[in-house]
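If you read the sequences in order, they're chains A and B.
Going by the working numbering, the residue at position 238 of the first sequence is 238; the numbering climbs one at a time, nothing skipped.
Counting from 1 along the second sequence, just add 418 to a position and that's the residue number in the working numbering.
Cβ coordinates follow ideal geometry from the N, Cα and C atoms, glycine included.
First the structure, in the form of structure tokens, and then the observations on it.
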Amino acid sequence: MEYQDIELLRFTTAGSVDDGKSTLIGRLLYDSKSIFQDQLDAVEESSKSKGFDYVDLSLLTDGLKSEREQGITIDVAYRYFATPKRKFIIADTPGHIQYTRNMVTGASTANLAIILIDARKGMLEQTHRHAFIASLLRIPHAIVCVNKMDLVEYNEDVYNGIVSDFKAFSSKLGISDIQFIPISALNGDNVVNRSEHMDWYGGSTLMYHLETVHISSDHNLVDCRFPIQSVIRPHTLENQDYRGFAGRIDGGVFKPGDKVKSLPSGFVSTIKTIELNGEQIAEAFAPMSVTMTLEDEIDNSRGDMIVRENNVPEISQDIEVLVTWMSTKPIQARTKVVIKHTTNESIGMVKELKYKIDINTLHRIEGIDKVEMNDIARMSIRTAKPLFYDAYKKNRQTGSVIIIDEQTNETIGAGMII
Amino acid sequence: MSNYVINHLKELESEAIFVIREIAAQFENPVLLFSGGKDSILLTHLAKKAFFPAKIPFPLIHIDTGHNFPETIAFRDELVEKLGVKLIVGSVQEAIDKGRAKEETGADASRNSLQIVSLLDTLEEYKVDAAMGGARRDEEKARAKERFFSHRDEFGQWDPKNQRPELWNLFNGRKNYGEHFRVFPISNWTEMDVWEYIKLENIDLPSLYYTHQRDCVVRDGVILANSEFIKLKENEAVVNMTIRYRTCGDMPITGAVESEADTLDKIIEEIATTRTTERGGRADDKRAETAMEDRKKQGYF
Numbered sequence: 001m002e003y004q005d006i007e008l009l010r011f012t013t014a015g016s017v018d019d020g021k022s023t024l025i026g027r028l029l030y031d032s033k034s035i036f037q038d039q040l041d042a043v044e045e046s047s048k049s050k051g052f053d054y055v056d057l058s059l060l061t062d063g064l065k066s067e068r069e070q071g072i073t074i075d076v077a078y079r080y081f082a083t084p085k086r087k088f089i090i091a092d093t094p095g096h097i098q099y100t101r102n103m104v105t106g107a108s109t110a111n112l113a114i115i116l117i118d119a120r121k122g123m124l125e126q127t128h129r130h131a132f133i134a135s136l137l138r139i140p141h142a143i144v145c146v147n148k149m150d151l152v153e154y155n156e157d158v159y160n161g162i163v164s165d166f167k168a169f170s171s172k173l174g175i176s177d178i179q180f181i182p183i184s185a186l187n188g189d190n191v192v193n194r195s196e197h198m199d200w201y202g203g204s205t206l207m208y209h210l211e212t213v214h215i216s217s218d219h220n221l222v223d224c225r226f227p228i229q230s231v232i233r234p235h236t237l238e239n240q241d242y243r244g245f246a247g248r249i250d251g252g253v254f255k256p257g258d259k260v261k262s263l264p265s266g267f268v269s270t271i272k273t274i275e276l277n278g279e280q281i282a283e284a285f286a287p288m289s290v291t292m293t294l295e296d297e298i299d300n301s302r303g304d305m306i307v308r309e310n311n312v313p314e315i316s317q318d319i320e321v322l323v324t325w326m327s328t329k330p331i332q333a334r335t336k337v338v339i340k341h342t343t344n345e346s347i348g349m350v351k352e353l354k355y356k357i358d359i360n361t362l363h364r365i366e367g368i369d370k371v372e373m374n375d376i377a378r379m380s381i382r383t384a385k386p387l388f389y390d391a392y393k394k395n396r397q398t399g400s401v402i403i404i405d406e407q408t409n410e411t412i413g414a415g416m417i418i
Numbered sequence: 419m420s421n422y423v424i425n426h427l428k429e430l431e432s433e434a435i436f437v438i439r440e441i442a443a444q445f446e447n448p449v450l451l452f453s454g455g456k457d458s459i460l461l462t463h464l465a466k467k468a469f470f471p472a473k474i475p476f477p478l479i480h481i482d483t484g485h486n487f488p489e490t491i492a493f494r495d496e497l498v499e500k501l502g503v504k505l506i507v508g509s510v511q512e513a514i515d516k517g518r519a520k521e522e523t524g525a526d527a528s529r530n531s532l533q534i535v536s537l538l539d540t541l542e543e544y545k546v547d548a549a550m551g552g553a554r555r556d557e558e559k560a561r562a563k564e565r566f567f568s569h570r571d572e573f574g575q576w577d578p579k580n581q582r583p584e585l586w587n588l589f590n591g592r593k594n595y596g597e598h599f600r601v602f603p604i605s606n607w608t609e610m611d612v613w614e615y616i617k618l619e620n621i622d623l624p625s626l627y628y629t630h631q632r633d634c635v636v637r638d639g640v641i642l643a644n645s646e647f648i649k650l651k652e653n654e655a656v657v658n659m660t661i662r663y664r665t666c667g668d669m670p671i672t673g674a675v676e677s678e679a680d681t682l683d684k685i686i687e688e689i690a691t692t693r694t695t696e697r698g699g700r701a702d703d704k705r706a707e708t709a710m711e712d713r714k715k716q717g718y719f
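Structure follows, in structure tokens:
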């Protein structure tokens with residue numbers, strides 16, 4: 001059982017109601033033997049009682065009562081499976097336009113996006129939307145699966161046409177790594193096992209891509225960022241002077257002996273130890289949770305950030321963000337909100353709404369007076385205290401914020417700092 | 419370490435510790451819901467790591483149905499002693515005696531859903547604003563859509579259609595008066611991850627999880643421990659069997675598996691080849707296809 005030294009890959013699937021997304025996920029789980037007999041029995045029974053001739057693998061992923069009644073997926077659901085090479089977390093999100101917020105949620109933690117296209121229909125508006133969201137959220141890798149190849153007689157020309165259409169569109173987006181695979185999720189062609197119907201396809205299967213895509217450089221290893229979550233002070237006799245800074249590394253590589261700077265105070269010190277549970281760590285990097293002690297007594301607290309002396313993030317009370325609006329209540333300029341950024345929280349004000357992006361055409365819509373649910377818009381926000389941030393394209397953790405309604409405390413927007 | 423990657427267990431550990439530290443930082447009265455099962459034992463272990471060398475800065479709450487395995491209670495008391503952490507026990511028996519909860523009747527009677535009353539009462543009594551639990555998304559279909567920070571209204575209810583979106587690692591724990599949160603730091607762990615990590619970290623577990631001889635009753639295909647809490651039906655007989663448990667709930671509803679696995683390696687091997695989910699033996703989930711979803715809406719774990 002050599003399960004222990006495998007990596008974790010988080011991916012998101014985007015597709016519309018009929019793209020066969022749930023079937024594809026069911027297929028991945030089924031062919032990787034991640035479905036237990038009792039789950040399969042339950043699905044077989046539901047399929048039978050619905051009068052289907054075959055076992056509907058999509059029933060495996062439709063969790064909540066209201067969804068099964070409507071036959072659609074209405075929220076982000078998380079699925080798990082493992083092969084001897086990797087462990088996978090799938091954020092399964094619905095693709096319909098009103099669920100942009102769910103797609104964004106699923107995409108925010110993903111290393112990879114699977115974009116599904118129905119071979120009979122080719123590129124649709126929603127394909128543009130899925131690709132755009134993957135690029136907006138800076139998912140490092142994308143796999144475009146041209147599905148239902150069985151329904152177009154496994155025709156190579158159909159596939160090639162869709163690939164070139166997609167490339168024409170995606171050249172405007174800047175996704176760095178895109179792979180294309182012709183599949184049939186229903187029959188299992190090129191999902192886990194190679195298809196016997198598409199000799200003309202020389203590439204590998206979807207599972208092979210998922211197992212081998214290079215993800216170790218997905219985190220920023222250059223710019224050292226350590227936001228402090230809390231200060232550990234044991235107040236015991238043997239640890240009277242212990243003062244550890246607890247947090248998760250968001251970027252760079254930290255080592256004991258490194259000269260560091262604390263923000264916002266600007267005090268400089270040296271890392272004494274990096275540890276967890278008393279075990280010493282020689283090098284700490286994202287996404288490790290650690291406790292750091294410093295040589296000098298510095299009065300850090302939650303929301304402060306430890307960085308390298310010669311590589312500091314932006315420090316400002318004014319940020320420019322691309323925001324996905326997630327609330328049914330629209331927002332206008334001059335609205336007071338709460339901003340959450342790393343372990344920091346501040347009152348803020350939406351100062352100006354600059355433009356919306358039409359996610360089908362990528363055109364800017366200027367002169368807007370409000371931003372509504374599922375809109376993606378650029379806005380300027382001023383915070384009551386300075387934030388220590390990087391551009392989202394440089395670091396997905398230190399470059400992201402959520403916007404919270406001051407009255408209801410709901411999360412109403414997700415922002416990527418420009 | 420030289421190529422700057424961590425393996426999947428370390429990544430899950432790191433994520434869980436981050437979430438546990440967020441709970442301690444964002445809430446005034448957080449607690450850890452301790453059932454005595456392997457998932458809550460794992461969670462307690464992670465909490466210890468998160469704050470070391472300080473002690474765990476919040477109490478454990480155990481909802482005692484009165485139908486627990488005696489091994490569970492003994493293990494709980496020893497662990498609490500060792501960690502120097504405060505334990506709060508909420509009693510279902512007390513809730514029944516006070517008339518706050520009504521005992522089910524019949525041969526399949528269980529105190530499982532009665533726990534909801536005691537749990538909500540205990541959370542209210544201690545003014546708990548965040549209760550963390552060891553639930554995992556891979557356990558059950560309603561849990562696949564659960565958030566890390568799961569908002570509960572003033573009645574303790576879960577509204578699956580109105581969950582807060584959760585992005586990046588930014589967890590929104592802000593709430594209005596009377597509302598609270600359930601937080602699930604090991605959401606992303608699978609049963610296999612839990613066992614591999616228990617092995618990696620050498621975490622002690624109650625003996626129930628390892629093979630042992632026990633007097634059992636087989637009911638509707640589920641192997642139940644014979645105990646004072648179970649009433650035999652006609653045609654049912656007590657059989658001595660070699661079993662172990664994959665999950666650990668109340669005695670009358672927790673199904674065992676026939677197993678000779680006496681080490682973690684053997685348990686991991688068994689799970690790798692097994693063909694049913696761990697909750698497959700839970701009578702409480704079999705009551706209806708949406709049994710878990712319905713209980714969660716009311717305030718279940």
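Flag I72 of chain A as yes if its beta-carbon sits less than 8 angstroms from any beta-carbon of chain B, otherwise no.
Against the first sequence, residue 72 of chain A aligns to sequence position 72. With a pLDDT of 46 at I72 of chain A, under the threshold of 50, the modelled position of that residue is not reliable, and the figure given next carries that caveat. With 8 angstroms as the cut-off, I72 of chain A does not count as an interface residue toward chain B.
Nearest CA to the CA of Q179 of chain A: which residue from A:D258, A:K261, A:L116?
Translated into positions along the first sequence, residue 179 of chain A becomes position 179. Closest by alpha carbon: A:L116.
Per the DSSP calculation, N190 of chain A is bridged to which residue(s)?
Here the question's residue 190 of chain A lines up with position 190 in the first sequence. Answer by DSSP bridge pairing: none, since N190 of chain A is not bridged.
Helix, strand or coil: which one does DSSP assign to N239 of chain A?
Sequence index remark: in the first sequence, residue 239 of chain A carries index 239 (1-based). In the structure shown, N239 of chain A sits in a helix (DSSP, three-state: H, G or I).
Give me the chain A residues within the contact set of D556 of chain B, using Cβ-Cβ distance strictly less than 7 angstroms, ordered along the chain.
By 1-based counting over the second sequence, the position of residue 556 of chain B is 138. Near D556 of chain B (Cβ distances below 7 angstroms), the residues of chain A are Y80.
Start-end ranges of the alpha helix (DSSP H) lying completely within the segment 127–214 of chain A, minimum 4 residues:
156–170, 206–212
Can you give me the C-alpha to C-alpha distance between I418 of chain A and L137 of chain A, rounded to a whole angstrom?
Counted from its first residue, the first sequence places residue 418 of chain A at position 418. Counted from its first residue, the first sequence places residue 137 of chain A at position 137. Whole-angstrom Cα-Cα distance: 12 angstroms.
So, for E314 of chain A: in the same chain, excluding its five sequence neighbours on each side, which residues have a beta-carbon less than 6 angstroms away from its beta-carbon?
Here residue 314 of chain A corresponds to residue number 314 of the first sequence, with the count starting at 1. Close CB contacts of E314 of chain A within its chain, under the 6 angstroms cut and outside five residues either way in sequence, are with Y389 (chain order).
With a threshold of 16 other CB atoms inside 10 Å of the CB of H219 of chain A, please say whether the residue is buried or exposed.
Numbered from 1 along the first sequence, position 219 holds the residue referred to as residue 219 of chain A. Buried, by the Cβ-count rule.
As a quick exercise: from B:M669, B:V675, B:E584, pick the residue whose alpha carbon is nearest that of H485 of chain B.
Within the second sequence, residue 485 of chain B is the residue found at index 67, counting from 1. Checked all of B:M669, B:V675, B:E584; the closest Cα to H485 of chain B is B:M669.
Rounded to a whole number of angstroms, what is the C-alpha to C-alpha distance between I445 of chain A and A107 of chain A?
Since the displayed chain A opens at 1 and closes at 418, residue 445 of chain A lies outside it and no answer follows.
Under a Cβ-count criterion, where at least 16 other Cβ atoms within 10 Å of its own Cβ denotes burial, should A384 of chain A be classed as buried or exposed?
Residue mapping note: residue 384 of chain A aligns to position 384 of the first sequence, counting from 1. So A384 of chain A counts as exposed.
Considering only the alpha carbon of each residue, which of B:H569, B:L618, B:N587, B:D611 lies closest to G596 of chain B?
As a first step, residue 596 of chain B is located in the second sequence; it is residue number 178 there, counting from the start. When only C-alpha atoms are compared, the closest one is B:H569.
Beta strand (DSSP E) runs contained entirely in the segment 251–307 of chain A, provided each spans 3 or more residues
259–263, 268–276, 289–294
When the Cα of N590 of chain B is compared with those of B:A434, B:Q444, B:T665, B:R662, which residue comes out closest?
In the second sequence, counting from the first residue as 1, residue 590 of chain B sits at position 172. Looking at the Cα atoms, B:Q444 is the closest of the given residues.
Measure from the alpha carbon of L57 of chain A to the alpha carbon of each residue in A:G20, A:T93, A:F88, then state which is nearest.
As a first step, residue 57 of chain A must be located in the first sequence, where it is residue number 57. Comparing Cα-Cα distances from L57 of chain A to each of A:G20, A:T93, A:F88, the minimum goes to A:G20.
Using a Cβ-Cβ distance cut-off of 8 angstroms, determine whether E2 of chain A contacts chain B.
For the purposes of this step, residue 2 of chain A is taken as residue 2 along the first sequence, with counting starting at 1. Because the pLDDT of E2 of chain A is 44, which lies under 50, any placement of that residue in the model is unreliable, and the question is left without a value.
CB-CB under 6 angstroms to S645 of chain B, same chain, minus the five flanking residues each way: which ones, in chain order?
As a first step, residue 645 of chain B is located in the second sequence; it is residue number 227 there, counting from the start. Short of 6 angstroms from the beta carbon of S645 of chain B, and not among the five residues preceding or following it, lie these beta carbons of its own chain, in chain order: M669.
Span separating the alpha-carbon of D241 of chain A from that of G667 of chain B
The sequence position of residue 241 of chain A within the first sequence is 241, counting from 1. The sequence position of residue 667 of chain B within the second sequence is 249, counting from 1. Going from the Cα of D241 of chain A to the Cα of G667 of chain B covers about 42 angstroms.
Rounded separation between P475 of chain B and V503 of chain B - CA only
Here the question's residue 475 of chain B lines up with position 57 in the second sequence. Here the question's residue 503 of chain B lines up with position 85 in the second sequence. If you take the alpha carbons of P475 of chain B and V503 of chain B, they lie about 8 angstroms apart.
Quick check: what's the CA-CA separation for I403 of chain A versus M550 of chain B?
Here residue 403 of chain A is taken as the residue at index 403 of the first sequence, counted from 1. Here residue 550 of chain B is taken as the residue at index 132 of the second sequence, counted from 1. Approximately 24 angstroms between the Cα atoms of the pair.
If you draw a straight line from the C-alpha of L124 of chain A to the C-alpha of N587 of chain B, how long is it?
As a working mapping, residue 124 of chain A is identified with position 124 in the first sequence. As a working mapping, residue 587 of chain B is identified with position 169 in the second sequence. Between L124 of chain A and N587 of chain B, the C-alpha separation is close to 32 angstroms.
Of all the options A:N310, A:I175, A:N374, A:L387, which has the alpha carbon lying nearest to the alpha carbon of G423 of chain A?
Residue 423 of chain A lies beyond the range of chain A shown here (1 to 418); nothing can be said about it.
Going by other Cβ atoms of all chains shown within 10 Å of its Cβ, with 16 needed for buried, is G574 of chain B buried or exposed?
On the second sequence, position 156 is the one that residue 574 of chain B refers to. Counting C-beta atoms within 10 angstroms of its own C-beta, G574 of chain B has 16 or more neighbours from the protein chains shown and is therefore classed as buried.
Classify S176 of chain A as buried or exposed, calling it buried when 16 or more other Cβ atoms lie within 10 Å of its own Cβ.
Position 176 of the first sequence holds residue 176 of chain A. So S176 of chain A ends up on the exposed side.
Do we get a CB-CB distance below 8 angstroms when we pair E372 of chain A with the residues of chain B?
Within the first sequence, residue 372 of chain A is the residue found at index 372, counting from 1. Closer than 8 angstroms: no.
Does V104 of chain A pass the burial test, meaning 16 or more other C-beta atoms within 10 Å, or should it be called exposed?
By one-based count along the first sequence, residue 104 of chain A stands at place 104. The residue is buried, with at least 16 neighbouring Cβ atoms inside 10 Å.
Beta carbons nearer than 8 angstroms to chain A: which residues of the segment 504–520 of chain B have them?
none
Just to confirm my understanding: we take F566 of chain B, look at its own chain, exclude 5 residues before and 5 after, and list those with CB closer than 8 angstroms. What are they?
Within the second sequence, numbered from 1, the residue matching residue 566 of chain B stands at position 148. Excluding positions up to five away in sequence, the list reads V437, E584, F589, V601, F602, P603, S605.
From the beta carbon of Q397 of chain A, is the nearest beta carbon of chain E less than 8 angstroms away?
Given the protein chain composition of this structure (A and B), no chain E is represented.
Just to confirm the assignment, what range does the alpha helix (DSSP H) spanning E366 of chain A have?
The residue you call residue 366 of chain A lines up with position 366 of the first sequence. Where E366 of chain A is concerned, there is no enclosing alpha helix (DSSP H), although the beta strand (DSSP E) it sits in stretches over 364–366.
Check whether chain A comes within 8 angstroms of R662 of chain B, counting only Cβ atoms and requiring the distance to be less than that.
As a working note, residue 662 of chain B is residue 244 in the second sequence. Answer no: the Cβ-Cβ gap between R662 of chain B and chain A never drops below 8 angstroms.
Cβ-based burial, L650 of chain B [other Cβ within 10 Å; buried from 16]
Counting from 1 along the second sequence, the entry for residue 650 of chain B is found at position 232. With fewer than 16 other Cβ atoms within 10 Å, it is exposed.
Which first and last residues belong to the alpha helix (DSSP H) in which W613 of chain B is found?
The residue labelled residue 613 of chain B in the question sits at position 195 within the second sequence. From DSSP, the alpha helix (DSSP H) with W613 of chain B extends over 609–619.
Compare the Cα-Cα distances from A472 of chain B to each of B:F452, B:L501, B:L682, B:D539 and report the closest residue.
Here residue 472 of chain B refers to the residue found at position 54 when the second sequence is read from its first residue. It is B:L501 whose Cα lies nearest to the Cα of A472 of chain B.
Just the Cα atoms here: how many angstroms apart are L623 of chain B and K33 of chain A?
Residue mapping note: residue 623 of chain B aligns to position 205 of the second sequence, counting from 1. Residue mapping note: residue 33 of chain A aligns to position 33 of the first sequence, counting from 1. One C-alpha to the other measures close to 28 angstroms.
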